[in-house]
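Colleague: Take this structure first; my questions come after.
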Amino acid sequence: MSDLLLVEDNLSDVMVAQRAFRLHGLEHRVKILRDGAEALDYLNGAGLEEGEDPPPLPKVVLLDLRMPRVDGRAVLRQLRADARMKEVPIVIVSSSRAESDMRECYRMGANSFVVKSFDPKRPGEYLVDVARYWLNLNRVP
Amino acid sequence: MRAGAFISTLVIAGLGAGASLLFWLTMQSQQTSELERDAAVIASSLAHVVGTQIEEQELGALRRWVAAFGQESDPKEWLPKANLFLADHPAFSALARIEDDRIAEVTASGDGGEMLRVLEPRTAELIADQISPGESESSVGPIRMPDGRIALAIRVATPSVDGGARKIVAVFVPEIALDRILERRARSYAIRVLCGAEEVYRNADALGAPDDVVWAVETVRAGAGPDWSVMVHATELAAGEIRRKAPLVALVAGLLISALIASLVHVSQTSRARAAALDYANIGLREQIRATTHGEAEIRGLNAALEARVAERTGALQETIAELETFNYSVSHDLRSPLGAILNFAAILAEDYGERLDATGRAYLERITSSATGVVSLMDGLLAFSRSGREEIHKARVDVQRLVESLRDEQLAARGAGSCKFQIGDLPPAYADPAMLRLIFSNLISNACKFVRKGDSPQVEIGSRVEGNDVVYFVRDTGIGFDMRFAEKLFGIFERLHAGEEYEGHGVGLAIVARLVRRHGGRAWAEGAVGKGATFYVKLPAQNGRDGNVAFLYV
Chain A
1 MSDLLLVEDN
11 LSDVMVAQRA
21 FRLHGLEHRV
31 KILRDGAEAL
41 DYLNGAGLEE
51 GEDPPPLPKV
61 VLLDLRMPRV
71 DGRAVLRQLR
81 ADARMKEVPI
91 VIVSSSRAES
101 DMRECYRMGA
111 NSFVVKSFDP
121 KRPGEYLVDV
131 ARYWLNLNRV
141 P
Chain B
1001 MRAGAFISTL
1011 VIAGLGAGAS
1021 LLFWLTMQSQ
1031 QTSELERDAA
1041 VIASSLAHVV
1051 GTQIEEQELG
1061 ALRRWVAAFG
1071 QESDPKEWLP
1081 KANLFLADHP
1091 AFSALARIED
1101 DRIAEVTASG
1111 DGGEMLRVLE
1121 PRTAELIADQ
1131 ISPGESESSV
1141 GPIRMPDGRI
1151 ALAIRVATPS
1161 VDGGARKIVA
1171 VFVPEIALDR
1181 ILERRARSYA
1191 IRVLCGAEEV
1201 YRNADALGAP
1211 DDVVWAVETV
1221 RAGAGPDWSV
1231 MVHATELAAG
1241 EIRRKAPLVA
1251 LVAGLLISAL
1261 IASLVHVSQT
1271 SRARAAALDY
1281 ANIGLREQIR
1291 ATTHGEAEIR
1301 GLNAALEARV
1311 AERTGALQET
1321 IAELETFNYS
1331 VSHDLRSPLG
1341 AILNFAAILA
1351 EDYGERLDAT
1361 GRAYLERITS
1371 SATGVVSLMD
1381 GLLAFSRSGR
1391 EEIHKARVDV
1401 QRLVESLRDE
1411 QLAARGAGSC
1421 KFQIGDLPPA
1431 YADPAMLRLI
1441 FSNLISNACK
1451 FVRKGDSPQV
1461 EIGSRVEGND
1471 VVYFVRDTGI
1481 GFDMRFAEKL
1491 FGIFERLHAG
1501 EEYEGHGVGL
1511 AIVARLVRRH
1521 GGRAWAEGAV
1531 GKGATFYVKL
1541 PAQNGRDGNV
1551 AFLYV
């Protein structure tokens, strides 16, 4: 069961995140998808056999904005337009600090906006902090 | 010169007298035609007056009366109203109501009524001739009164209640009306007025007019009746007045003209030399004016071209600056990601595999980390510097005293309570962008605390002085100071006077300070000596000092 979806195309970021999650024993609860199209396919249960149920909804989606094929904005828009998934918490994880990006994402229904940070003492562990809150504390109806 | 002028004056006076004589003769010959012309003008204006007065005042009053009371058939009602009308309009001498071609009621002033009775058959005949029963229109015909005067019988048909033919007939005596209209007009002129072919008016002057005079005639139409002709002729009196005036006018005119020409000659003689000189000067002036005008036009043209070019260049420059800023921003932004990866993997390498590396390997890894960190900090500085040039300035009154005190507290909290000794003097408020002013002082204060000998704790003095309209704030420290030869370089971007390892920072802080102060219309500079501390100055215009008119009122 994947409670947390990380949608990220940058291999470096993926590797750092995977290590951080592994160090904190969260690797089994995380599913990594490498772009928006992959994320939408997974959430919509593409490639499932007839009668097979789609996977249960994740507790949170960590979504990068700049990705090839289908970018973060498109994923955000489609999830919010989908009756089944419109309440899934979405955290934007971006290297952008532009206020216009933040404003746009919140307007489109993002639940949180996190700027990618580099802490040489705890590489990638800010994602663990984010994950702990959404996995353990946050509740959805 | 004076004798010459005198003789000239005499000659001119003689010429003037000759001119007077000529003028007089001309006037004599023109007099007759002038009088006739005058008579024609007067006839025309009188005809206009007679036409409008009779049509609007007299016949109009009758039409209005008929419209109001024409239906009345009870003698007790009709007679008082008719009498009232006759009293108000003296030119009407009688009013009659005619039913089926018979006089039903008559009222009159003077002998008008009697005349109506006498002329009854003629009236009836006229009515039968000219007015069909039931039609509502008026007709006018001249009749001779018993006293010989010509009157007009005016007939107005009105619809009657029982369908019978009803008319109102009025006797109108033009002489009475014209007497009133022409009483004060055109004295000294003989006036006759004809209605159709009958003379209805003749003034006192006309009574004595000789038979052979030529009358000026003007004819005008009034309402439905016959034409009115006004005939005018100037009497001997009017002709005499003009004749008497003529020689006098000629003489006065002659003298005036002589005097005028004489004085002109005099002036022209005495000032001919000056005039020549002036003419010469004028030619020069005109040349100059032409040259100046030409030059001005040229300058205006050049200015316009220059302005257009400046505007064009400014636009292009602004575009370039905007592009540069965007480039700056996106480069800084895009480089962060790979730099972050370097930092992350260096950290992971040190943490996960550090044990397998020897001391040299770990030192190399540290160089990777510190270099990448330096680049990240450089990027941040670049972004901050870019922002300092891009962001809009929103000026407000800033309490500099409180601002500096809060920055001091921040410094002490960050570096330790004993790291710096602060001495803060009186700091007047500034009129500036609050966030930008905070950045300015924050950079200066943190520099003052930063550039100190290892293990030393510097004294930092912050104060101000007023210079005319401006306020100069200063931040003085007892730190390492600098060589005055490099005073200008201090404020350049990425300029550092010390090795990177020794003091943190990336050489952007003072560049930002200089840029922000400049954008506020002020100036930043520094004084110092190696080992003897440094003083940084920031000069800001006082509130509205540069761009407001209000401040000048207080000066």
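If you're matching them up, the sequences are chains A and B in order. Sequential numbering of the first sequence, starting at 1, is according to the numbering used here. Sequential numbering of the second sequence, starting at 1001, is according to the numbering used here. We put the CB at the ideal spot given by N, CA and C, even for glycine.
So, with DSSP's three-state summary, where would you put Val1508(B)?
Modeller: Val1508(B) falls in the coil class under three-state DSSP.
Colleague: Among Arg1387(B), Ala1511(B), Val1041(B), which one has its Cα closest to the Cα of Arg1523(B)?
Modeller: Cα-wise, what sits closest to Arg1523(B) is Ala1511(B).
Colleague: Could you please give the first and the last residue of the uninterrupted beta strand (DSSP E) stretch that includes Tyr1537(B)?
Modeller: Residues 1534-1541.
Colleague: Quick check on the DSSP output: what are the complete alpha helix (DSSP H) runs of length 4 or more inside the stretch 105-136 of chain A, in order along the chain?
Modeller: Listed in chain order, the complete alpha helix (DSSP H) runs (minimum 4 residues) inside the stretch 105-136 of chain A are 125-132.
Colleague: Look up Lys994(B) in the DSSP assignment and say whether it is helix, strand or coil.
Modeller: Nothing about residue 994(B) can be reported from this structure: the residues present for chain B run from 1001 to 1555 only.
Colleague: My understanding is that Ile90(A) touches Leu63(A), with C-beta atoms under 8 Å, so please give their C-beta distance in whole angstroms.
Modeller: Indeed they touch by this definition, with Cβ atoms about 6 Å apart.
Colleague: Considering only C-alpha positions, which residue in the set Leu127(A), Ala98(A), Met85(A) is nearest to Ala17(A)?
Modeller: Nearest of Leu127(A), Ala98(A), Met85(A) to Ala17(A), Cα basis: Leu127(A).
Colleague: Using a Cβ-Cβ cut-off of less than 7 Å, give me the residues of the stretch 17-30 of chain A that come near chain B, in sequence order.
Modeller: Residues passing the 7 Å Cβ filter: Arg19.
Colleague: On the criterion of 16 or more Cβ atoms from any shown chain inside 10 Å, does Ser1388(B) qualify as buried, or is it exposed?
Modeller: That one is buried.
Colleague: In terms of residues, what are the limits of the beta strand (DSSP E) holding Lys1421(B)?
Modeller: First-last of the beta strand (DSSP E) with Lys1421(B): 1421-1424.
Colleague: Would the stretch 1394-1413 of chain B count as touching the stretch 1360-1368 of chain B if we require 3 or more Cβ pairs under 8 Å?
Modeller: With a cut-off of 8 Å, the stretch 1360-1368 of chain B and the stretch 1394-1413 of chain B do not count as touching, because too few Cβ pairs lie within range.
Colleague: Helix, strand or coil, according to DSSP, for Pro1458(B) in the structure here?
Modeller: Coil.
Colleague: Do you know offhand how far Val140(A)'s Cα is from Arg84(A)'s?
Modeller: Straight-line Cα distance between these residues: approximately 13 Å.
Colleague: Using a Cβ-Cβ cutoff of less than 6 Å, which residues in the same chain neighbour Pro123(A) once the five nearest sequence positions on both sides are dropped?
Modeller: The residues are Val16.
Colleague: So, at 8 Å on beta carbons, what are the nonlocal neighbours of Arg1149(B) in its own chain, with the 5 sequence-adjacent residues on each side left out?
Modeller: Closer than 8 Å at the Cβ level, and outside the excluded window around Arg1149(B), lie Val1173, Glu1175, Val1200.
Colleague: Just to make sure I have the definition right: I need the residues of chain A whose C-beta is within less than 7 Å of the C-beta of Gly1389(B). Which are they?
Modeller: Within 7 Å Cβ-Cβ: nothing; Gly1389(B) doesn't reach chain A, min ~17 Å.
Colleague: Which residues does DSSP pair with Asp1470(B) in a beta bridge?
Modeller: Its beta-bridge partners are Glu1467(B), Pro1541(B).
Colleague: What whole-angstrom Cβ distance do Gly109(A) and Met67(A) have, given they're in contact under 8 Å?
Modeller: With a Cβ gap of about 18 Å, Gly109(A) and Met67(A) do not count as contacting.
Colleague: Taking the CB atoms as reference points, tell me whether Leu1086(B) and Phe1092(B) lie closer together than 8 Å.
Modeller: Closer than 8 Å, so yes.
Colleague: Helix, strand or coil for Lys31(A), going by three-state DSSP, please let me know.
Modeller: Looking at Lys31(A) - three-state DSSP - the assignment turns out to be strand.
Colleague: Expressed to the nearest angstrom, what Euclidean distance is found between the alpha-carbon atoms of Phe1385(B) and Ala1350(B)?
Modeller: Between Phe1385(B) and Ala1350(B), the C-alpha separation is close to 33 Å.
Colleague: Can you give me the C-alpha to C-alpha distance between Ser112(A) and Glu1319(B), rounded to a whole angstrom?
Modeller: Distance between the alpha carbons of Ser112(A) and Glu1319(B) is about 35 Å.
Colleague: By a C-beta neighbour count over all protein chains shown, 10 Å radius and 16 as the cutoff for buried, is Val1232(B) buried or exposed?
Modeller: Answer is buried; the Cβ neighbour count reaches 16.
Colleague: Please report the distance separating the alpha-carbon of Arg1286(B) from that of Ala1304(B).
Modeller: The alpha-carbon atoms of Arg1286(B) and Ala1304(B) are separated by roughly 26 Å.
Colleague: If you count every other CB in all the chains shown that lies within 10 Å of the CB of Gln1423(B), and 16 or more means buried, which is it?
Modeller: Looking at its Cβ environment, which holds fewer than 16 other Cβ atoms inside 10 Å, Gln1423(B) is exposed.
Colleague: Pro1458(B): which of Lys1450(B), Asp1380(B), Arg1063(B) sits nearest, CA to CA?
Modeller: For Pro1458(B), the nearest C-alpha among the options comes from Lys1450(B).
Colleague: For Thr1292(B), is the classification buried or exposed, using 16 other Cβ atoms within 10 angstroms of its Cβ as the cut-off for buried?
Modeller: By the neighbour-count rule (16 or more Cβ atoms within 10 Å), Thr1292(B) is not buried but exposed.
Colleague: If you draw a straight line from the alpha carbon of Lys121(A) to that of Ala1347(B), how long is it in whole angstroms?
Modeller: Spanning the two alpha carbons is a distance of roughly 7 Å.
Colleague: Quick check on Ser1263(B): buried or exposed, where buried means 16 or more other Cβ atoms within 10 Å of its Cβ?
Modeller: Ser1263(B) should be labelled exposed.
Colleague: Roughly how far, in whole angstroms, is the beta-carbon of Val88(A) from the beta-carbon of Val130(A), given that I think they are within contact range, below 8 Å?
Modeller: About 15 Å; that fails the 8 Å criterion.
Colleague: Report the residues of the stretch 62-91 of chain A with a CB closer than 8 Å to any CB of chain B, ordered along the chain.
Modeller: Residues: none.
Colleague: How far does the beta strand (DSSP E) with Val61(A) in it reach, from first residue to last?
Modeller: Unbroken beta strand (DSSP E) run through Val61(A): 60-63.
Colleague: With a threshold of 8 Å between beta-carbons, can Phe113(A) be considered close to chain B, or not?
Modeller: No, because no Cβ of chain B sits closer than 8 Å to the Cβ of Phe113(A).
Colleague: Using a Cβ-Cβ cutoff of 7 Å, what residues of the stretch 124-140 of chain A are near chain B? List them in chain order.
Modeller: Those would be Gly124, in chain order.
Colleague: Is DSSP giving Trp1228(B) helix, strand or coil here?
Modeller: In the structure shown, Trp1228(B) sits in a strand (DSSP, three-state: E or B).
Colleague: Taking its Cβ as the centre, do 16 or more other Cβ atoms sit within 10 Å of Ala46(A), making it buried, or is it exposed?
Modeller: Label assigned to Ala46(A): exposed.
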